[in-house]
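Residue numbers (my numbering), protein chains in the order written: chain A, 1 to 687; chain B, 1001 to 1599. For reference, the structure discussed in these notes is given below.
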């Protein structure tokens, strides 16, 4: 087995991790080059090759597998840089994407701007057709009218088409006929049919997913093909995989068909990494993963070794953004990070966020014109960041600027600058603590039983006080924390899923329809598995789930199926009991008397890939780490002369107060807490 | 409090105050999430007609994150009644309260109250209030507009009755409800959701007390109320001193109220004293039907109208409430009801009018103040439908759908929120999926669209309402809705126009349209269709001052027609959508606007 490369092409940086045979993981970084993604990718790989002391060509030729992840599709959606896409909808229902599913935050704020739909009304066309909820074509698709509309699409230079008709999931006839007409009238036009992409009930989420997928096709098809071709041209001959929003990966050809699955694939990989590190350190299968960026804080969860999925992923905020509609890893993002701005409201209370200085102008200490006190400025004031060693010395921090802007609000609340800075950090932590609570406690998981894995460049600054508040006693900060997503790709498998909507109630369970759906899902997934070439790919597993609820509830819960097929009443009873258990855990209530309504049936296929070796040494000797210098830092109680550590070796132990400086991350060990470097070369933080 | 005490009192540092407030907010959110996701009836899990709150042991409202505006104030009155009525209050108790004469909103809102103890001391009361799908009324609806009094209304009333002791359910009460309430399983599911929500709140508050200790929490409560009051003081000091008198009326309700219900709100803003004073006493006596406000609703809805004008960020609790005085009169339709008058429809209709009349009154203060009136129709798109389902061996169905939507009011800075609903829900509600409604009921929805030009014109435009057409597939279907806003539409302010009137039609098999009264309960045969149009929101400011790019965008996106752009906004637009060349003819527009301004 040779090298294994993962590439995470982000908005600013491209991270590369090269796993070698000995179990070493080498991080390479480079600036992302949006015009030609290959340049940044090559730069980061060359960076890693240098560190490994081999040539770039040798690296490519000795690599067995390369996994590529990109934020390109996510960014294109958020920045509205997708293709000009037409939505073809059932006549009489032109406002599905405008009305969404309702809902709003802040009841007394009527001054919010109502969001624009993902596809404007002027790009939406009503087609004469209708299928009933019983699956009967009550109005045949009007081919004459359709041809006229397609002629308009051609004239208006549309670049992609999304087709979402009511009840196409019950009978796809009209959507399929639309596909024929599209092929005939607009040959080569990329399009997506809703019943093929996401066969789930609820027209808004299906339309939203379909619209997003279609709008990404021109862009992502070109992007993935170009990446593929550049890699081949550079001499790479082995397998290429692309990471997806379920924390797995797929081949380029499959994602060219369904590019929506590349959306948010980066954050989806963080829990894969988290689980790996927790297992590596023998810290169990229940893991909370926190990924701290400059502007967002992402939290995800692994329970019993299983990733948590959701259909409620919004791009651009709940209610105001666009619902992804597909099942994806449940990652809660809050707009809190190093760039969040602190301010004093007119009642005299200090607040942090929701405004952010973002990456540009960024915190005041970046010296790019930022003039508001941010969390990063507070960390600078407190002495947590070395102004000369930020990002390994790539950027100098302006301490005076941080003190100036922090001093401004310190004067307002009549506190010292340092106490104010400490308060800013505490309040920022508070937002993150709440986000962790929402994905754990609110869903019936006890964070005290979980291991916390922290990633992202800024994670080490505050992860210890956050862990103390939520009650996590086991904390891992991997050496590759700053490239958590790329790290997750190293340990990901080929994952794909199929869903069929077949609504049935437990007291009149439709055995034939459900078993039919499960059989279809099973066959589809087995066929997919068979199509994967390569050795060691025979081993796969298929897990089945149902999205179900108590009768007349409207929100479903994911329940693993206790049986593969339903043969008799006792199989149904087992399903009912499984549902009661999930409902009891999440909502503290079991309603034994209620029937269970099953909505969508889902199969997830996992084809295990060979993962890189994980090399851990048994630590036989421990030693106290040796500081390289000291500086004054503040922990809420006056200045403390704090030792600084760099390049710590396995087995090293450190007592707080202390600061560990790595090229891409800084870890603050608060007084009374400690840290050690494990045999797996990770930082284990102890409260 | 004496000066010495105030000086000796240990202040919490501002960070700890913010942290504790944030924790309480998180607890209410967790309670709300439990209620929303586990409740059965659509009115809770879709329309979000519920609210959760935390009240102090002194019965002051402390926290109510994201609650429905109509529910904001009142849980304090209910908690007080719990303390008054039950001297043996103990850990493990839970109470069911739906008595509008004891602080509840209206009988359909079943409230679960749980006292929270720490070391044997009553520290908080958590309240989980939710609108039930049925409450055992004499008619199959929780809104009973025609009810002459509470006896005709016929609801089971629980004047703060103990339903759990030592965490054990009192099955007597549950059996009483099950033998009287329609679809008892649905009620019991919602009852359990309420208990679950309150118990989750209790669990978290006990951890909260454990962590921070009694003394810190006591100081925090005082400081948090003081802080909230300061925020309110600041907000009021930014307003000019003025008296505003505003009128409005609920639509006629034949034959009982041929003139509808006139409503008058008198508001005095006093920035010097930092007080807003609202007087509702000069209104008619209680009416012999279900439209009377309860004390909680009368108060909540004018207060909601005030909060809608303050900016989003002032905490709503007993502290900020110190600065709002509401004067109510006994035996008044918008005051303190006199027994046995019915408050069956207290949370919508007249309640929506109170919100609207109050928030639009503030526009009298000048440019930049107040907001317009929002869509107030709860029309055929949000009707209760019932009948038999041929697809399930004739099984009976009854449910409120949420397909319609009134348009939101324009504000001094923005156009109205589209999925606003009605003033008392203020956009919080979720919408039904057409597919889910067709699956659950034997109906077919023919169309669902926003009405172009339905929003009240203005410098900022009200949002348009929805138009929904649907009918039964095979058997007769009964439709009930107490729609308002058909005679008196939501008004615009400061030169803004009113939003479109709501209307309901029956479309017969041959396509003929028949206009229906605003309040209906009637049968539709298969092949007959119901067409419901909801209110648009009112506009804010002169339409001739609307930014021309906004008008262009409105035309492109079908919010407005080319004709209305010209005739109402004075904006001349050339080109076509299919030509992708829509553009404002600036010269012609300037000329037309100048000409219209002089008319």
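Cβ atoms here follow ideal geometry from the backbone N, Cα and C, with glycine treated the same way.
- For the alpha helix (DSSP H) assignment, the uninterrupted runs of no fewer than 4 residues enclosed by the region 448 to 536 of chain A are, from N- to C-terminal side, 459 to 470, 484 to 490, 511 to 530.
- Near chain B, meaning a CB-to-CB distance below 7 Å, the residues of the region 410 to 436 of chain A are 413, 423, 426, 427, 430, 434.
- With a 10 Å radius around the Cβ and a threshold of 16 neighbouring Cβ atoms, residue 172 of chain A comes out buried.
- In the three-state DSSP reduction, residue 387 of chain A falls in the coil class, being neither helix nor strand.
- For residue 223 of chain A, there is no enclosing beta strand (DSSP E); the enclosing alpha helix (DSSP H) has its first and last residue at 203 to 233.
- Considering only beta carbons, the part of the region 564 to 590 of chain A lying closer than 8 Å to chain B consists of 583, 586, 587, 588, 589, in chain order.
- Here the alpha carbons of residue 366 of chain A and residue 397 of chain A stand approximately 6 Å from one another.
- Secondary structure at residue 1522 of chain B: strand, using DSSP grouped into helix, strand and coil.
- The beta carbon of residue 1049 of chain B sits closer than 6 Å to those of 1043, 1131, all from its chain and outside the five residues before and after it, given in chain order.
- Of all residues in the region 327 to 344 of chain A, none comes within less than 8 Å of chain B when Cβ atoms are compared.
- DSSP places residue 1470 of chain B in the strand class (E or B) of the three-state scheme.
- Judged by pairs of C-beta atoms under 8 Å, the region 411 to 419 of chain A touches the region 341 to 354 of chain A, as three or more such pairs exist.
- In the DSSP annotation of this structure, residue 143 of chain A is not part of any beta strand (DSSP E); the continuous alpha helix (DSSP H) holding it starts and ends at 143 to 155.
- At a cut-off of 8 Å between beta carbons, residue 1436 of chain B contacts chain A.
- At least one beta carbon of chain A lies nearer than 8 Å to the beta carbon of residue 1577 of chain B.
- About 5 Å separates the CB atoms of residue 1574 of chain B and residue 1585 of chain B; that is less than 8 Å, so the two are in contact.
- Within the region 1054 to 1099 of chain B, the runs of alpha helix (DSSP H) at least 4 residues long that lie entirely inside it are, in chain order, 1075 to 1085.
- Secondary structure of residue 546 of chain A (DSSP, three-state): strand.
- Chain-ordered, the chain A residues with CB closer than 7 Å to the CB of residue 1046 of chain B read 554.
- In this structure residue 1110 of chain B is in contact with residue 1098 of chain B, their Cβ atoms being roughly 5 Å apart against a cut-off of 8 Å.
- When secondary structure is reduced to three states using DSSP, residue 306 of chain A falls in the strand class.
- Rounded to whole angstroms, the gap between the alpha carbons of residue 118 of chain A and residue 212 of chain A is 8 Å.
- Residue 1151 of chain B: not part of any beta strand (DSSP E); member of the alpha helix (DSSP H) spanning 1150 to 1153, first to last residue.
- Using a Cβ distance threshold of 8 Å, residue 1463 of chain B and residue 191 of chain A do not count as a contacting pair.
- Chain B places a beta carbon closer than 8 Å to that of residue 105 of chain A, counting this residue as a contact.
- Assigned with DSSP and collapsed to three states, residue 1346 of chain B falls in coil, not helix or strand.
- Under a criterion of Cβ atoms nearer than 7 Å, the residues of chain B adjacent to residue 346 of chain A are, in order, 1231, 1234.
- A contact between stretches requires three or more CB pairs, one per stretch, nearer than 8 Å, and the region 1493 to 1506 of chain B meets this requirement with the region 1443 to 1461 of chain B.
- Under the criterion of beta carbons closer than 8 Å, residue 477 of chain A and residue 466 of chain A do not qualify as touching, at roughly 12 Å.
- For residue 113 of chain A, the C-beta contacts it makes with chain B under 7 Å involve 1414, in order along the chain.
- Any Cβ of chain A closer than 8 Å to the Cβ of residue 1400 of chain B would place that residue at the interface, and such an atom is absent.
- A direct Cα-Cα distance of roughly 6 Å separates residue 676 of chain A from residue 652 of chain A.
- Apart from the 5 residues on each side of it in sequence, residue 275 of chain A sits with its Cβ closer than 6 Å to the Cβ of 287, 302 in its chain, given in chain order.
- According to DSSP, residue pairing for residue 1122 of chain B in a beta bridge involves B/1117.
- Annotated as proximal: residue 1403 of chain B and residue 1448 of chain B, with beta-carbon spacing under 8 Å.
- Beta-bridge partners of residue 189 of chain A (DSSP): none assigned.
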